[in-house]
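Quick notes on the structure that follows.
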Amino acid sequence: MNQYYEAINHCIENHVNDYMTLVQDMYDHPETGFQEFHAQEILSDYLIKAGFTVKKSVACETDFIGEYVSQKEGPIIAFMCEYDALPEVGHGCGHNLIAGIGIAAGEALKNIADEIGGVIRVIGTPAEENFGGKVQMTKAGVFDDVDVALMVHPGSKNGLGGKSNALNPVKFEFFGKNAHACHPQNGASALDAAVLSFININLLRQFVEPNTFIHGIIKDGGQAANVIPAYASLEYYFRAPTMKYALEITDKAINCVKGACQATNTTFKTSIYECPYEDTLVNYTLANLLKEKYEFLGVENIEPVKEVGEGSTDVGSVSYVCPTIQGSIKIAEETVQGHSKEMAAATISETGKQGLLAASKAIAYMAYDLITQPDLLNVVKEEFKEAKK
Ligand SMILES: [Zn+2]
Ligand SMILES: [Zn+2]
3 MNQYYEAINH CIENHVNDYM TLVQDMYDHP ETGFQEFHAQ EILSDYLIKA
53 GFTVKKSVAC ETDFIGEYVS QKEGPIIAFM CEYDALPEVG HGCGHNLIAG
103 IGIAAGEALK NIADEIGGVI RVIGTPAEEN FGGKVQMTKA GVFDDVDVAL
153 MVHPGSKNGL GGKSNALNPV KFEFFGKNAH ACHPQNGASA LDAAVLSFIN
203 INLLRQFVEP NTFIHGIIKD GGQAANVIPA YASLEYYFRA PTMKYALEIT
253 DKAINCVKGA CQATNTTFKT SIYECPYEDT LVNYTLANLL KEKYEFLGVE
303 NIEPVKEVGE GSTDVGSVSY VCPTIQGSIK IAEETVQGHS KEMAAATISE
353 TGKQGLLAAS KAIAYMAYDL ITQPDLLNVV KEEFKEAKK
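Just so you know, the sequence shown maps onto residues 3 to 391 in the numbering used here.
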């Protein structure tokens, strides 16, 4: 085996219990998006002890950038860490393990960087769920000089990443007129406008392109049954393979709402109530490289690149700034759902630990190859430029 691969293995295996202690600590103290002060602190402290310089709160309060500049010039490789949890299910998306994987790969690369060159960054990207930490970070230019960004998400399958849907989160607010419910002729029901809009948008679903998802809830529907509600609201996600199409179906939904307001003598306004996410650009060269590393490590049943996006992720924004991959590693049986307590439990299990070992080694090997093989890095970058067009 390549001596540097051996050094990577050695470093990660030696420290695996430290990484799992971090993973367990985050599991025990789950923090939702932009509240991850504890995770930010323990991960930053670890990196500082490992010899990185760390900047905190660069683009948002709970982010961090750990950096090690080696003695030799070379590309900038970023390992992304997520660490936000979910309400109710804690680390049910397994982001605590993503952080462990990023730290492990970063430390292993840092230890050989003076010989092979390059700049190693471990970037803490908070609030992946709902708030788009990476969107804010890309807007602030955090990834502008990065040559390649790597990460692996745990789940119930091994995979090479793939496309994700663009997401446009839209809130509709309705304004009517209060009245005693026994004198409804004096009022205008914002709730009726919301209900009718909900029905209209449901009818719209039949007439959209495949792989497009529209889902919403009634957020406010009035306060008392004997008062005609003057205010109601709906919150929607419009998801599509491209942001262009997500915006197109948003416009169609706005027409549905206009009709509902005309019918109910009410008015409305729209706003973007969460962070919009870009779709993800796939880099097949990186995907093939991850496949090669997984196979080398004996990882089995590797799913091909997902050509149809299911959910949405803020990794999409990074993928438009630099070549990016988010692979996946199996830590639980397929019957275990994402966003569940069972998935959270898997992150601190023996399979979680094995997943951390395989995933961090795989992306560390990838980083080594990309640093030491400029031709390979060029292919990755050329593909990225083409895909962006
Ligand atoms: Zn999630
Ligand atoms: Zn996730």
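Don't be surprised by glycine CBs; every beta carbon is placed ideally from N, CA and C.
Distances from the alpha-carbon of Ser166 to those of Met245, Glu33, Val124 and Ser362 put Met245 closest. Ranked by Cα distance from Val172, the first of Ala151, Ser235 and Val154 is Ser235. Burial of Lys363 is indicated by the presence of at least 16 other C-beta atoms within 10 angstroms of its C-beta. Under the three-state reduction of DSSP output, Asn160 falls in the strand class. Note on geometry: alpha-carbon atoms of His31 and Asp377 lie some 43 Å from one another. In the assembly as shown, Asn204 is an exposed residue. Its beta-carbon has fewer than 16 other beta-carbons within 10 Å. The stretch 300 to 347 contains, as complete beta strand (DSSP E) runs of 3+ residues, the segments 326 to 332 (chain order). The alpha-carbon of Ala142 is positioned some 37 Å away from that of Glu8.
Under the 8 Å Cβ criterion, the stretch 358 to 375 counts as touching the stretch 93 to 113, having at least three qualifying pairs. Per DSSP, the unbroken beta strand (DSSP E) holding Ala168 starts and ends at Ala168 to Phe177. Around Ser273, the same chain offers Lys173 as residues with beta carbons nearer than 7 Å, after the five sequence neighbours per side are excluded. The alpha-carbon of Ala348 is positioned some 14 Å away from that of Ala87.
Taking 7 Å as the cut-off, one finds at least one heavy atom of ligand 1 near enough to the beta carbon of Gly340. Secondary-structure assignment with DSSP links Ala181 through no beta bridge to anything. If you look at Ala265, you'll find it in the alpha helix (DSSP H) that goes Met245 to Thr266. In terms of side-chain proximity, the C-beta atom of Cys95 is found nearer than 7 Å to a non-hydrogen atom of ligand 2. At least one heavy atom of ligand 1 falls within 7 Å of the beta-carbon of Glu131. With respect to the 8 Å criterion, Asn202 and Cys277 are not classified as neighbours on the basis of their beta carbons.
When C-alpha distances from Phe81 are compared across Glu33, Asp27, Val124 and Met345, the shortest belongs to Val124.
The beta carbon of Lys221 sits closer than 7 Å to those of Ser235, Leu236 and Glu237, all from its chain and outside the five residues before and after it, given in chain order. The alpha-carbon of Leu299 is positioned some 16 Å away from that of Pro156.
Asn267 is not a Cβ neighbour of Ile230, given a cutoff of 8 Å. Taking 8 Å as the cut-off, the Cβ atoms of Tyr279 and Ser319 count as close.
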